[in-house]
Amino acid sequence: MGMFAEMLATGTDAVSGSFSYMSNNYVEMQVLDWFKELLGYPRSASGLITSGCSASNLIALAVARNTMAGYDVRGRGMVNAPRQMTVYCSEETHSSVQKAVELLGFGSDSLRRVPVNDFLEMDLSALKAAIRDDRENGLLPICVVGVAGTTNTGAIDDLNGMADICAGERCWFHVDGAFGAWAAIAPRYRHLVAGMERADSLAFDLHKWMYLAYPIGCILIKNADHQRHAFSLSPTYLAHGEGNRGLTGIDVPWLSDYGFELSRGFHALKAWMTFKEHGTAKYGRLIQQNIDQAHYLARLVEVAPELELALPVSLNVVDFRYIRPGLDDDSLNDLNKQIEIELQERGIAVPSTIIIRDRKYLHVAITNHRSRQDDFDLLVEEVIRIGKELA
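All the letters of the sequence shown, read from the start, carry residue numbers 1 to 391 under the numbering used here.
Right, dumping it as structure tokens:
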């Protein structure tokens with residue numbers, strides 16, 4: 001369905017933006033309304049379809065900066081900031097947040113990488129201490145970034161706890177839910193992302209856990225005025241019409257007022273067609289299935305004496321390694337890297353490897369609706385077999 005939608009959009013040169021593309025804007029706004037309802041946002045919230053969470057995080061932090069700075073950032077620029085502003089995220093947060101901080105003129109020195117707990121979730125005591133220290137040093141804390149599903153382990157920060165801290169500290173609360181946000185539509189697992197709906201902004205992708213083809217992501221902003229004030233610009237060639245005559249007189253928001261791009265691809269169409277065809281309940285079941293599969297794989301690892309699980313499963317990610325008595329961590333790191341390569345080159349599976357606390361683990365992120373339990377049985381069998389061959 002997504003491929004057909006992309007063919008239609010490309011074949012008709014359909015783009016989204018201002019008055020020339022009002023029909024596309026209507027479709028996008030319908031899709032955004034669906035997302036708001038599914039993810040617990042008010043209908044009055046605003047949003048935008050993006051290429052992915054790198055763009056979504058950039059938009060969210062731009063809105064946060066302009067809203068919380070306490071002066072006219074668009075007019076006076078960051079060079080005239082009365083105080084240095086600071087942003088907070090965990091050590092496990094995606095690199096796109098740092099890129100956004102740099103692009104927006106904060107500088108990476110203004111990004112506070114807060115330590116994590118044993119489960120690689122942000123340590124909220126450390127967060128409160130970091131905010132307190134910055135205030136005492138004359139800085140202005142403006143934004144805290146929570147994560148619903150980290151890249152390495154699928155860890156989910158304590159979103160309700162972070163929301164409480166942000167409310168007390170007068171900080172913007174942003175959640176990067178690149179793939180984890182969609183746990184909200186899985187009936188048995190929606191509790192995992194409780195508190196996400198309290199965020200001032202929420203970024204998520206559909207080309208990850210909603211199984212759509214790249215590119216399609218989204219940003220939702222709870223207060224539409226904040227998003228519009230951060231981006232709206234009306235040069236004469238985009239002047240709104242008078243009355244209700246012509247295309248410029250149509251009473252519909254211009255989505256170019258809600259982001260940094262004027263023209264964008266009509267990516268909302270593939271979401272609209274897919275949701276109309278399959279509905280949301282099916283996607284909730286598939287996401288639930290992927291999380292169940294992660295727990296199944298973790299159980300296989302736990303009962304195999306040759307394997308070691310890095311952490312309990314948080315969402316849909318399983319990290320584990322092959323172990324052998326007598327080998328130190330450096331040797332095990334090399335061995336597991338070779339196992340990864342052999343799995344790939346033999347056409348068995350395509351895991352990656354990650355480093356957690358200086359140890360290398362095979363990394364399995366389950367986001368395929370076609371995955372079956374047999375796939376994980378085979379993976380574990382082959383990891384053990386190849387490990388014995390190489391050790």
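Even for Gly, the Cβ is constructed at its ideal location relative to N, Cα and C.
- Inclusion of N316 and A203 in the CB contact set at 8 Å is not warranted, their separation being larger than that value.
- V303 and V383 have their C-alpha atoms spaced approximately 14 Å apart.
- By a beta-carbon distance limit of 8 Å, A199 does not contact L192. Their separation comes to about 15 Å.
- If you check the CB distance, Y361 and A298 do not come in under 8 Å.
- Inter-residue distance for L327 and E340 is about 18 Å (C-alpha atoms, whole angstroms).
- The C-beta separation of A14 from F231 comes to about 22 Å, leaving the pair out of contact by the 8 Å criterion.
- Secondary structure note for S125: its alpha helix (DSSP H) is the uninterrupted segment L124 to E136.
- Sequence-distant partners of L332 (beyond 5 residues in either direction) whose C-beta falls short of 8 Å from its own C-beta, in its chain, are R321, Y322, I323, R324, R359 and K360.
- Taking a cut-off of 8 Å on C-beta distances, the stretch 98-107 does not touch the stretch 36-51, as fewer than three cross pairs fall below it.
- Annotation for V145: the continuous beta strand (DSSP E) segment containing it runs L140 to V147.
- When secondary structure is reduced to three states using DSSP, V350 falls in the coil class, being assigned neither helix nor strand.
- With distances taken between CA atoms, M196 lies nearest to H174 out of A129, R346, L124 and H174.
- Of the residues S201, S54 and V313, the one whose Cα lies closest to the Cα of K36 is S201.
- The residues V144 and F173, in chain order, have a CB closer than 6 Å to that of C166 in the same chain once the five nearest residues on each side in sequence are set aside.
- When DSSP assignments are scanned along the stretch 182-233, the uninterrupted stretches of beta strand (DSSP E) that are 3 or more residues long and fall wholly within it turn out to be 201-205 and 217-221.
- Per DSSP, the unbroken beta strand (DSSP E) holding A365 starts and ends at R359 to A365.
- Residue state for F266 is assigned as coil, using DSSP reduced to three classes.
- For Q227, the number of other beta carbons within 10 angstroms of its own is at least 16, and it is reported as buried.
- The three-state reading of DSSP puts H278 in helix, counting H, G and I together.
- Cβ-Cβ distances below 7 Å link T151 to H94 in the same chain, with the five nearest sequence neighbours on each side left out; the list follows chain order.
- Setting aside the 5 residues that flank it on each side, V73 is surrounded in the same chain by R65 and N66, each with a C-beta closer than 7 Å to its C-beta; the list follows chain order.
- A straight-line Cα-Cα distance of about 8 Å links D158 and A194.
- The beta carbons of L255 and N25 sit closer together than 8 Å.
- Partner residues in the beta bridge of R321, as assigned by DSSP, are E308.
- Of the residues assessed, R135 falls on the exposed side of the cut-off, its CB having fewer than 16 other CB atoms within 10 angstroms.
- Per DSSP, reduced to three states, the secondary structure at F260 is coil, with no helix or strand assignment.
- Taking C-beta atoms as the reference points, G2 and K270 count as a pair closer than 8 Å.
- Boundaries of the beta strand (DSSP E) harbouring R113: L111 to V114, taken from the DSSP string.
- Per DSSP, the continuous beta strand (DSSP E) segment holding T86 begins and ends at M85 to S90.
- W172 sits in a strand when the DSSP states are folded into three classes.
- Short of 7 Å from the beta carbon of E306, and not among the five residues preceding or following it, lie these beta carbons of its own chain, in chain order: Y322, I323, I384 and G387.
- Secondary structure at G47: strand, using DSSP grouped into helix, strand and coil.
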